[in-house]
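Engineer: Per this note's numbering, residue 36 is the first one in the sequence shown, and the count goes up by one each step. First the structure, which I've put down as structure tokens, then a few questions once you've had a look.
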Amino acid sequence: MRSVLITGCSSGIGLCLAQGLKQAGYRVFATARKPEDVKNLGRLGFEAYQLDLASSASIQLAISEIFLQTDDLYGLIHNGAYGQVGALEDISREVLETQFQANVFGWHELTNLVLPSMKRNNTGRIIYLSSVLGFIAMPFRGPYNASKFAIEGLVDTLRLELINTQVQLSLIQPGPIESQFRVNAYLAFKAHIDMNKSDYKENYQAMIQRLKSSKLAPYTLAPEAVLTCVVHALEAPKAKIHYRVTFPTKLFALLKRILPSRIMDKILSKAGGGGKR
Numbered sequence: 036m037r038s039v040l041i042t043g044c045s046s047g048i049g050l051c052l053a054q055g056l057k058q059a060g061y062r063v064f065a066t067a068r069k070p071e072d073v074k075n076l077g078r079l080g081f082e083a084y085q086l087d088l089a090s091s092a093s094i095q096l097a098i099s100e101i102f103l104q105t106d107d108l109y110g111l112i113h114n115g116a117y118g119q120v121g122a123l124e125d126i127s128r129e130v131l132e133t134q135f136q137a138n139v140f141g142w143h144e145l146t147n148l149v150l151p152s153m154k155r156n157n158t159g160r161i162i163y164l165s166s167v168l169g170f171i172a173m174p175f176r177g178p179y180n181a182s183k184f185a186i187e188g189l190v191d192t193l194r195l196e197l198i199n200t201q202v203q204l205s206l207i208q209p210g211p212i213e214s215q216f217r218v219n220a221y222l223a224f225k226a227h228i229d230m231n232k233s234d235y236k237e238n239y240q241a242m243i244q245r246l247k248s249s250k251l252a253p254y255t256l257a258p259e260a261v262l263t264c265v266v267h268a269l270e271a272p273k274a275k276i277h278y279r280v281t282f283p284t285k286l287f288a289l290l291k292r293i294l295p296s297r298i299m300d301k302i303l304s305k306a307g308g309g310g311k312r
């Protein structure tokens, strides 16, 4: 039985991946940041561990506990993340650092902790849940944009460094997926942005309406669409480097290749939606 470690399993994509892979016969180590979510995962029958990606101590403890249960971890699925929204000039250094602690630095540290075992066994898959915003930028999503661009750069580099091993890396680039992403983005916005002191107050009012709306963005897919890509990335003899999920992701990937940057800027500056993953 192959074992996989998944981060961010409290809800949405992460929970879907944990349930789907367990049903497919994998041994799933499911992690979440909050203790109550870890307890809920345990009640659902998972081997559950607390893992806060913004805390090196939490990452180290979780991995040490998981390695007591297995020395043959086959898959690592990086999913845990959140999206800080707001105009970049309203984003402090501390807020940007907080975004990178969870979305970049924690993923990097976790990767480095599992790589020695995978290299020793000369097998393994590391799957990164990136985003359509990992290769195109949209306004008022700067911290999240930057974190996903950074992840893609790290993965592209690591893939080259592991080229003589059987450890395979894949980037999954969703667009709009049913999840708690917009809810969490709104909470992060309220915690860190004073919209009444911003030049972008009117923009924020429209953005908040989108973030609080229960209406799904066009072309939104269920998280099972991501699960299908993850299964392929785990099981195909040669996993894809990029898995582009949803029509918007595929469309923007094409437009980025064929259109001049200034035309892309005009399109992206007007792009709506508050819940793209």
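Even for Gly, the Cβ is constructed at its ideal location relative to N, Cα and C. Model, not experiment: these values are computed from the prediction.
#1: Run the CB neighbour count on N180, radius 10 Å, all protein chains shown included, and call it buried at 16 or more, exposed below.
#2: Which class does I198 belong to by DSSP, given the choice of helix, strand or coil?
#3: Using CA coordinates, which residue listed in L145, D125, F170 is at the minimum distance from K291?
#4: Between the segment 263-277 and the segment 214-226, are three or more C-beta pairs nearer than 8 Å?
#5: Roughly how many whole angstroms lie between the Cα atoms of I302 and A288?
#6: List in chain order: all unbroken alpha helix (DSSP H) runs of 4+ residues lying wholly within the segment 194-274.
#7: Take E187 and list the residues in its own chain whose beta-carbon comes closer than 7 Å to its own, dropping the five residues that flank it on each side.
#8: Enumerated in chain order, which unbroken segments of the beta strand (DSSP E) with a length of 3 residues or greater are wholly contained in the segment 137-203?
#9: Apart from the five residues just before and just after K285, which ones in its own chain have a Cβ nearer than 6 Å to its Cβ?
#10: Using CA atoms only, rank isn't needed, just tell me which of M299, E213, Q203, L204 is closest to S248.
#11: What's the C-alpha gap between Y84 and I48?
#12: Can you give me the C-alpha to C-alpha distance between V139 and E237, rounded to a whole angstrom?
Structural biologist: From the atom records:
#1: Taking every protein chain shown into account, the CB of N180 has 16 or more other CB atoms within 10 angstroms, so this residue is buried.
#2: In the structure shown, I198 sits in coil (DSSP, three-state: anything other than H, G, I, E or B).
#3: The residue among L145, D125, F170 with its C-alpha nearest the C-alpha of K291 is F170.
#4: As far as the Cβ criterion goes, the segment 263-277 does not touch the segment 214-226, which means the pair count is below three.
#5: C-alpha separation (whole angstroms): 13 Å.
#6: Those alpha helix (DSSP H) runs which fall completely within the segment 194-274 and span 4+ residues are 216-227, 236-247, 259-270.
#7: For E187, where only same-chain residues beyond five positions count, the Cβ hits under 7 Å are S165, G169, F170, L206.
#8: Runs of the beta strand (DSSP E) spanning 3 or more residues and lying entirely within the segment 137-203 occur at 159-164, in chain order.
#9: Sequence-distant Cβ neighbours of K285 in its own chain, meaning closer than 6 Å and more than five residues away, are R279.
#10: When each option's Cα is compared against that of S248, the closest is E213.
#11: Answer to the nearest angstrom: the Cα atoms are 17 Å apart.
#12: Our two residues, V139 and E237, have alpha carbons roughly 31 Å apart in a direct line.
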